[in-house]
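> Numbering (our numbering), first residue to last: 2 to 331.
Yeah, the Cβ is synthetic: ideal placement off N, Cα and C, and Gly gets one too.
Sending over a structure as structure tokens; questions will come in a sec.
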């Protein structure tokens, strides 16, 4: 890679591999257009990985979370913030009316249009989100998609006990960021919580507390106890969701002849701070970049570390380069 092309790598992160930017889809290997999927249970870092990849390749992200597709409840639904997007365009994120239904057929229709739009701009579509039923409908049940696109499936996996502990901490963080106020703003005792964004975990669980919150006959201790029960229920139901998502991923992996590229991020969630970020680059972001490069160009990637090999980031990049070519196949 020339020095000019290396310098042109946009938003390069320490420890990530840097490839030639701006390569249009017609330079990709193969007869079909390419689509990358980033999958995993809730809380495993799918959005983070998708954004990491989109800063290494000319790419845009399509959301495949059936709740995040709706407007509103940004904290409760854990939508990525503008800062977290790092300038990467996102599609199907917060664009549907809160009370509107959005079916798997709707998803397939919107995604096919988004893919063509992204490809038309010479960029790579990356589909990321936790609604595996939507991905199942698109990949296994949509003949148009099957005939036109070749897929690479990345699976970010985390040991369930470790993930459940993280999910519990994340719910507490959401409460600090205003979860209760968000749900209060849409609370309607007559509303149908089985429609639209009201299906989100955290809405129904808060109903009992919100129904007594303004009561003048109940003491503060009782209200606090009911609120804690609601938060505990949110944690329990989110952990149950993660378990169901993981089961679905295993089923899809079997259907796809185990072609998913599994990335074990458990160690990332055990660490904290800068150490966790370094492990993420080594075991998730770096290997994923190599896998996607091999998928797109069907060749050994020519890569350079952004920092000298004597640094921790350089060591991470070196470790990623050592991935066997067998791990780069579709």
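(1) The alpha helix (DSSP H) spanning residue 185 covers which residue range?
(2) Consult DSSP for residue 60 and reduce its assignment to one of helix, strand or coil.
(3) Pull the bridge partners of residue 111 from the DSSP assignment, please.
(4) Please confirm whether residue 197 and residue 63 have their CB atoms less than 9 Å apart.
(5) By DSSP, does residue 282 sit in helix, in strand, or in coil?
(6) Cα-Cα, which of 107, 128 and 159 is closest to residue 150?
(7) Assuming residue 250 and residue 79 form a contact by the criterion Cβ under 8 Å, report the distance between their Cβ atoms to the nearest whole angstrom.
(8) Hey, could you find the ends of the alpha helix (DSSP H) residue 193 is sitting in?
(9) In or out: residue 45 buried (at least 16 other Cβ within 10 Å) or exposed?
(10) Mind listing, in chain order, the continuous alpha helix (DSSP H) runs of no fewer than 4 residues lying wholly within the region 34-90?
(11) With a Cβ-Cβ cutoff of 9 Å, do residue 146 and residue 120 count as a contact?
(12) Assign residue 200 to one of three DSSP states: helix, strand, or coil.
(13) CB-CB under 6 Å to residue 270, same chain, minus the five flanking residues each way: which ones, in chain order?
(14) Quick check: what's the CA-CA separation for residue 1 versus residue 242?
(15) How would you label residue 131, buried or exposed, when you count the other beta carbons within 10 angstroms and need 16 or more for buried?
(16) Please list the terminal residues of the continuous beta strand (DSSP E) segment that includes residue 127.
(17) Nearest to residue 179 by CA position, among 299, 50, 43 and 77, is which residue?
(18) Is it the case that the region 52-69 contacts the region 171-190, given that we only count it when at least three CB pairs across the two stretches are under 8 Å?
(19) Between which residues of its own chain and residue 265 is the CB-CB distance below 6 Å, once the five residues before and five after are set aside?
(20) With three or more C-beta pairs closer than 8 Å as the rule, is the region 42-60 touching the region 227-245?
(21) Find the nearest neighbour of residue 224 within the set 209, 90, 85 and 238, judged by alpha-carbon distance.
(22) In three-state terms, what does DSSP make of residue 171?
(23) Report the residue from 53, 257, 52 and 95 whose alpha carbon sits nearest the alpha carbon of residue 154.
(24) With H, G and I counted as helix, E and B as strand and the rest as coil, what does DSSP make of residue 151?
(25) Pop quiz: residue 283 and residue 156 are said to be a contact at Cβ under 8 Å. What is the actual Cβ separation, rounded to whole angstroms?
(26) Using only the alpha-carbon positions, how far apart do residue 181 and residue 204 sit?
Let's see:
(1) Indexing the chain shown from 1 puts residue 185 at position 184. Start and end: 180-187.
(2) Walking along the chain shown from the start, residue 60 turns up at place 59. Residue state, collapsed to three classes: strand.
(3) Position 110 of the chain shown, counting from 1, holds the residue named residue 111. None; residue 111 has no bridge partner.
(4) Along the chain shown, one-based indexing puts residue 197 at 196. Along the chain shown, one-based indexing puts residue 63 at 62. No; because the gap between Cβ atoms is not below 9 Å, this pair is not in contact.
(5) As a position in the chain shown, residue 282 is number 281, starting the count at 1. Residue 282 falls in the helix class under three-state DSSP.
(6) As a working mapping, residue 150 is identified with position 149 in the chain shown. Of 107, 128 and 159, the residue nearest in Cα terms is 128.
(7) For this step, residue 250 is matched to residue 249 along the chain shown. For this step, residue 79 is matched to residue 78 along the chain shown. Residue 250 to residue 79, Cβ: 19 Å. No contact.
(8) For this step, residue 193 is matched to residue 192 along the chain shown. That residue, residue 193, is in no alpha helix (DSSP H); it is neither H nor E in DSSP.
(9) Numbered from its first residue, the chain shown carries residue 45 at position 44. By the neighbour-count rule (16 or more Cβ atoms within 10 Å), residue 45 is buried.
(10) 47-55 and 83-86
(11) Counting from 1 along the chain shown, the entry for residue 146 is found at position 145. Counting from 1 along the chain shown, the entry for residue 120 is found at position 119. No, the Cβ-Cβ distance between residue 146 and residue 120 is not below 9 Å.
(12) Within the chain shown, the letter at position 199 stands for residue 200. In this structure, residue 200 counts as helix in the three-state DSSP scheme.
(13) Against the chain shown, residue 270 aligns to sequence position 269. Excluding residues within five positions, the ones whose Cβ falls inside 6 Å are 159, 163 and 167.
(14) The requested residue 1 does not occur in the structure, where the chain is confined to residues 2 to 331.
(15) Residue numbering aside, residue 131 sits at position 130 when the chain shown is read from its first letter. Buried: at least 16 other Cβ atoms inside 10 Å.
(16) What you label residue 127 is simply residue 126 of the chain shown in a count that begins at 1. Run containing residue 127: 125-129, per the beta strand (DSSP E) assignment.
(17) Counting from 1 along the chain shown, the entry for residue 179 is found at position 178. Looking at the Cα atoms, 77 is the closest of the given residues.
(18) no
(19) In the chain shown, the residue the question calls residue 265 occupies position 264. So the list reads 158, once near-sequence residues are dropped.
(20) yes
(21) The residue labelled residue 224 in the question sits at position 223 within the chain shown. Comparing Cα-Cα distances from residue 224 to each of 209, 90, 85 and 238, the minimum goes to 209.
(22) The residue you call residue 171 lines up with position 170 of the chain shown. Residue state, collapsed to three classes: helix.
(23) One-based indexing of the chain shown puts residue 154 at position 153. The candidate whose alpha carbon is nearest that of residue 154 is 257.
(24) As a working mapping, residue 151 is identified with position 150 in the chain shown. Correct three-state label for residue 151: strand.
(25) Along the chain shown, read from residue 1 onward, the residue named residue 283 stands at position 282. Along the chain shown, read from residue 1 onward, the residue named residue 156 stands at position 155. Actually they do not touch by this definition, with Cβ atoms about 17 Å apart.
(26) For this step, residue 181 is matched to residue 180 along the chain shown. For this step, residue 204 is matched to residue 203 along the chain shown. Near 9 Å, if we compare the C-alpha coordinates of residue 204 and residue 181.
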